[in-house]
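Report on the structure given below.
Chains as they are written, first to last, in our numbering: chain A, 16 to 290; chain B, 50 to 857.
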C-alpha cells in the first residue's frame, strides 16, 4: 500500500449526523446497474482492468500447497497469452492484484509466487477469520505470524461487537464482508460504504480503499462494480491500491468473456486453464 | 488463433477506463417507417388516412437532422373525419360491458409487449430521449397502465355505478412529450367507455404507431384516432361538435387561452399545464440520495421539465458540492446509446436553455454546467443556477413571469426553516409535483401535507404508478390521470344530459355584470312573518353593504317580502378576505369536528323550522312541501358531515414498500353562486359539502329569495367560527363577475344563466380556478343524485398523492 491512512480524531458527532435513506439507496443501486454498460472493446478492456483488481482467493478448509501453487500460477497468468496477444495487451503485465489465503497457507503462496518469479503481493485473512471473535492477544499474534511468513496485506475481521457498541477501528481498506456470510457484497451496502469513503477523503484528504468480496462471480458483475466505483468515487479510485475485488471463480468467467470477444465463439470448459 | 474481432483501442481504454458507445439498433423503427413509404398520415377509424394536397413536415432525427419521414399535416376536414369516426365508435364501445373493453385493453398491452423493441427504438429515435429510460421506464409503464385500466373497466358496472362515459374525448399533446403522456390519458378514457381523438404535434410517429397497433386488433377500430397537425388546429378540434371533453397538456399560456376560447362551448376542459417540479432538501436529509433525486427530476430523461431546488441554508455548501461533483459524472449523447443519462431534445429546447441561462447570468446568477456532453448542438449540458435574485424575471417564484425552468436546468435557492420552505414553495402559482427530503418523519409529513401540489414524494422523486392519481392544482391545471381520479375525468353522473354549448357570441366579457342596476325603495315590508335579517353576512356578523343601498325582494304574490343589502366589489373583497382568514383553522379541523358543527347547524335549522317554512310559503310553496324542504336541508347537513369521515385512502403500489396516501384536501376559498330555485335547499346542499371538506365559502344566495339564506346566517353566526361561510346578497351578475375575476378564489360553482356560466368559464382563466357551471340547466335539488350525489363531493375537494416509501 502506498500511503497509509493517517487517521483522524474519532468524531462521533460526524458519524451520528450521517443519514442514509434506505429505499433511496436501493433505487440508486438499481439504476447504476441499468444505466451504465460497456460493450465490445470497451468491455474487453474493462474486463482486463477488472482482472488487475482481483484478490484471487481461496479460503477453503482443505487448501494445501498444491492448489495454492495452482492459484498463484493463475494469478501470474490470469488470461491465456494468445488472447492477450490478440488484444495487443500481452506486454501490459496483467496479473491479479494479489492472492488471498488463510494465514497457514501464506508460506506456500509466497514460495509459489517466488518460484513463478513475480512480486504479486500475498494477502492473508487473519484475526479469527471469519467471525473475529477471538482474543485481542491471539488476533495480534496471528497478524504478526502472517507478516512474518511474508504476507504484505492483512484482511482483518474487525470485532463487530465493538462496532455495534460504537467503538470504531481504523483501516486503509474497507471490505464489504468476509465472503462467508449468507449475504455478502451487495450494491446498496457498497453505495453507502463508497459515500463514506468519499466523505472521509473530503474531510481528511486520506484515500481509503474499497474491497467488495463474496458472490461476485460473473464478468458482468465485475463490470457493474467497476462502474459503481467510477460513478461514486471517480477514476482515481480505479487502481489496485484503492480497489480490489475478492473473488475465486470470477477470473474464469472473465477469461471466457475475453475468449468470446477475441474469437467470436463461446469457450468450452476445457479451452481455458483452471485455477 | 482465428480471425480477431478485437479493435485497436483496447490498450487505450485499459488506461483511460472511459465509457464507450452502446448503440441500440433502430433498424426496426426504420423498417416500420418504410411500411408507410416514409410518409405518415393520420390513423383514423382503423385505417391510415393520407389525404392529398396537405402540407407535410419532415420528421427528423433530432441529433443528426436526418430526414426519417414526412408527416402530413391535418386540416379541419381531417379533424372532422376523426371526430366522426370516434363518435360512431363511441356508440358500440360504450354500449359494451366493461369486460369487453377490458379484453381489448389487455390485448393491446400484449401487442405492445410483443412489439416493444419497435416502440422504444422509434420513440427514442424521433424524440432523442435516452433509450434506456424509454425501454425500462415508459414502455413497461405503458403496459402496466393498460393492465390497470383493464381491471378498472372490468369492474366498472359495480365500482362506478351511477356514472357514465362522457363521449368523445379530444386529447391535445404538446410538442415535446413522451408517448406515455398519451397513454396516461387514453387508458382511463378508453376504459370507462369514451373514445379518443388525439391531436399530436407534427412529426410524432409513436402515437400513430400505437393507434395502428390498437386499430389492427380488430373489432373497435375507431376508439383511438390520432391526427397530427399544428397548434392552430387546437380550437378547431376543441369546438368540433361531438367532442365532450378536451384534455389539454401543454404550456400555461396556451392553456389559459384555450380556457378563454372554450368558454360556453360544448366541450368541458381539463388542463395539465407546465412541467416544472420542486425538490425540498432539508438539513436532516440523506444528501447523496437527494442529489440522485435531483438527477431523476432534471438531469435524466425521466422528468419532462426543469426543477426548482430549495436547500436548507445549513447544508447549502455541502449540497452544492455534491451536486456539482455528481453533475461531472453525467453523460449526455445520442438517445439510442444505451449508456447515456440524457439525450437531446432538439434545437428549440436547446435555445430555450441558452436564453434562460443568459437571462439568469445577466441578473447576476451563478451558472454551473458540467458533464460528459457532446459540444455540438443540440445537446445541452446539465445546468445548475444559483443565487438568482428572487425578483429576477426568470426567478421561478415570480408570479406571471414568462420564464419556466426548462429541462435540464435546476434553479437552486436557500431557505432557513421548514416553515419558510413552505412559504417559498407555495408562493408560486404553480402546483404540479414536489419531493421532500428529510429523515425526520414529523418534518417530512408536515411539509408533505403543507405543500400545495398534486403529488408529493417523501425521499424520492418521480415515482409513478397507474393506480396513483397524478395531477396538479393552482395554475398547473386540475386535471388528473391515473387511479380513481383519472377515471372520473371521463365520467359524468348517469342521466345527466350531454353538455350542450351555451355559447353566446355577443356576450361582452368587458361589460357583463359591470354595472349594478339601481333599485328604488318599494315601500315598507308587510305580512305576517317577522322582519327578515338584514345585511351582508361577512366574517361572522351582519354588515352594512359598502354601497349603503338595498334591493327589494318580492314574494310570490308580488308584495314586498323584505329588503336585502346591495353587495358590491368591495364587499366581495371583504368576504373573500374573511374566508381566507378562517381557512387555515377550518381546514386543520378533523372531519369529525367539522361534522359536529354541521350537525349543530342542522339542529338549529330544525329549531327555526317554522320561520323558514313560513318564508318558503310566502315564496309560493305549500306548507307541507316547505316543511319537507327544511327537513331535507337539515338531513343534507348531517349526511355530508357523516360522509366526509371516510375520505381519502391508502394505495398499495407494486414494487414500492410503503403506502401512497390519496388525500382529499380542501380547495381553499370556494365561491358559490346559488340557483334561484330552491332558495333554502340548494343553498344548504351546496354549503354542506363545501364546508364538510374543509373549504371556506363565499356564497351568493338565490336572487329571487335570498331571505332564507340570511335566516340560516343567523344560526351560522352563533354556530360557526367567524368567516367560515360568508353570504353576500345583491345583483347576481355583478357579484358573479367580482368572484369569477378574483384571483384569490380557489374554485367557483355557478348555478345560473347560460351567459353567466360562459362568463365564469372565461374569467376563470385568470388563476385557472376550477369552475362548475350549470349553463342554465336546472337541477333537481330534492333528488338525491343531483342534490347530494358523489359529484358534489368530487368537486368540493382536490386530491393529493403522498408517496411514503419505507425502509430502515
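Ideal placement from N, C-alpha and C gives every residue a C-beta, glycine not left out.
Just reading off the beta strand (DSSP E) that residue 797 (chain B) is part of, what are its end residues? 796–799
Coil, strand or helix - residue 395 (chain B) by DSSP: helix
If you measure between the beta carbons of residue 598 (chain B) and residue 553 (chain B), is that distance less than 9 Å? no
Determine the extent of the alpha helix (DSSP H) in which residue 536 (chain B) is found, giving its start and end residues. 532–537
Pick helix, strand or coil for residue 698 (chain B), following the three-state DSSP scheme. strand
Taking all protein chains shown into account, decide if residue 350 (chain B) is buried (16 or more other Cβ within 10 angstroms of its Cβ) or exposed. buried
For the beta strand (DSSP E) containing residue 417 (chain B), name the first residue and the last one. 415–418
Starting from the N-terminal side, write out each stretch of the beta strand (DSSP E) that is 3 residues or longer and does not extend beyond the segment 262–299 of chain B. 273–277, 292–299
Name, please, each residue of chain B whose Cβ falls closer than 9 Å to the Cβ of residue 175 (chain A). In chain order: nothing, as chain B lies at least about 18 Å away.
Residue 83 (chain A): buried (16+ other C-beta within 10 angstroms of its C-beta) or exposed? buried
With C-beta atoms as the reference, is residue 775 (chain B) less than 9 Å away from residue 624 (chain B)? yes
Minimum Cβ-Cβ distance from residue 58 (chain B) to chain A less than 9 Å: yes
Residue 590 (chain B) lies in the beta strand (DSSP E); which residues open and close that run? 590–592
Any C-beta of chain A sitting closer than 9 Å to the C-beta of residue 366 (chain B)? no
Just curious, the beta strand (DSSP E) that residue 139 (chain A) is in, first and last residue? 137–141
Any C-beta of chain B within less than 8 Å: which residues of the segment 39–50 of chain A qualify? 39, 40, 41, 42, 43, 46, 49, 50
Indicate whether residue 289 (chain B) and residue 219 (chain B) have their beta-carbon atoms separated by less than 9 Å. yes
Do residue 94 (chain A) and residue 256 (chain A) come within 9 Å of each other at the CB atom, strictly closer than that value? no
Output the boundary residues of the alpha helix (DSSP H) element that contains residue 610 (chain B). Note, residue 610 (chain B): premise wrong, no alpha helix (DSSP H); beta strand (DSSP E) at 609–614.
With respect to the beta strand (DSSP E) encompassing residue 69 (chain A), which residues constitute its N-terminal and C-terminal limits? 69–72
Which residues in the same chain as residue 282 (chain A) place their Cβ atom closer than 6 Å to its Cβ, once the five residues preceding and following it in sequence are excluded? 271, 274
C-beta contact flag for residue 271 (chain B) and residue 144 (chain B) at 9 Å: no
Taking CB distances under 9 Å as the criterion, tell me whether residue 249 (chain A) reaches chain B. yes
From the DSSP secondary-structure annotation, give me the bridge partner or partners of residue 748 (chain B). B:721, B:776
Determine whether the beta carbon atoms of residue 173 (chain A) and residue 184 (chain A) lie at a separation below 9 Å. yes
Of the residues A:51, A:77, A:192, A:209, which one's Cα is nearest the Cα of residue 239 (chain A)? A:51
When DSSP labels each residue in this structure, what does residue 599 (chain B) get in the three-state scheme? strand
Straight-line CA distance for residue 612 (chain B) to residue 805 (chain B)? 24 Å
If the criterion is Cβ atoms closer than 9 Å, does the pair residue 789 (chain B) and residue 719 (chain B) meet it? no
Members of the segment 421–440 of chain B near chain A, C-beta cut-off 7 Å: none
Per DSSP, what are the beta-bridge partners of residue 482 (chain B) in this structure? B:326, B:504
Host beta strand (DSSP E) of residue 244 (chain B) (start-end): 244–249
Would you call residue 163 (chain A) buried or exposed, if buried means 16 or more other Cβ atoms sit within 10 Å of its Cβ? exposed
Determine whether the Cβ of residue 781 (chain B) lies closer than 9 Å to any Cβ atom of chain A. no
Strictly by DSSP, which residues pair up with residue 109 (chain B)? B:116
Below-9 Å beta-carbon distance, residue 34 (chain A) vs any chain B residue: yes
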